[in-house]
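Trainee: Please read through the structure below; I'll follow up with questions.
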Amino acid sequence: MSSNRNTTGSHQQGGHKGGDNPMTSEDASRIQSAADRNPKSATATTGFKERAMSTAAKNEESGKKPLRVVI
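Offset between the sequence shown (1-based) and our numbering: plus 902.
Right, dumping it as structure tokens:
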């Protein structure tokens, strides 16, 4: 395991394209709250908050639903 691991996530390295678990309005709300609590964070300064809100709205309009884990 490398000590040079990128801890800022894949979004700054070109973004995450799609997936099996779409962004929900609840997810976007948590991201927005985190950005608002820390306005100097990467979440607040990179536009991720706005992208999350936009993606959640598009997912809800298209009817995409998050996966549910059943145990």
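Glycine is no exception: its CB is placed at the ideal position from the N, C-alpha and C atoms. What you are looking at is a predicted structure, and each value in this text was computed from that prediction instead of being measured.
Closest by CA to D929, which one among N940, S964 and E952?
Mentor: Residue 929 sits at position 27 when you count from the first residue of the sequence shown. It is E952 whose Cα lies nearest to the Cα of D929.
Trainee: Given a cut-off of 9 angstroms, decide if I933 and A954 are closer than it, judged by their beta-carbon atoms.
Mentor: To locate residue 954, count along the sequence shown from 1; it is residue 52. To locate residue 933, count along the sequence shown from 1; it is residue 31. Yes, they are a contact pair.
Trainee: Between the alpha carbons of A946 and M925, how many angstroms are there, rounded?
Mentor: Along the sequence shown, read from residue 1 onward, the residue named residue 946 stands at position 44. Along the sequence shown, read from residue 1 onward, the residue named residue 925 stands at position 23. Roughly 17 angstroms between the two C-alpha positions.
Trainee: Roughly how many angstroms lie between the CA atoms of A936 and S956, to the nearest whole one?
Mentor: Locating residue 936 in the sequence shown gives position 34, counting from the first residue. Locating residue 956 in the sequence shown gives position 54, counting from the first residue. Using only the alpha carbons, I get a separation of about 17 angstroms.
Trainee: Locate the alpha helix (DSSP H) running through I933, then write down its first and last residues.
Mentor: In the sequence shown, the residue the question calls residue 933 occupies position 31. Taken as a continuous stretch (DSSP letters only), the alpha helix (DSSP H) holding I933 covers S927 to R939.
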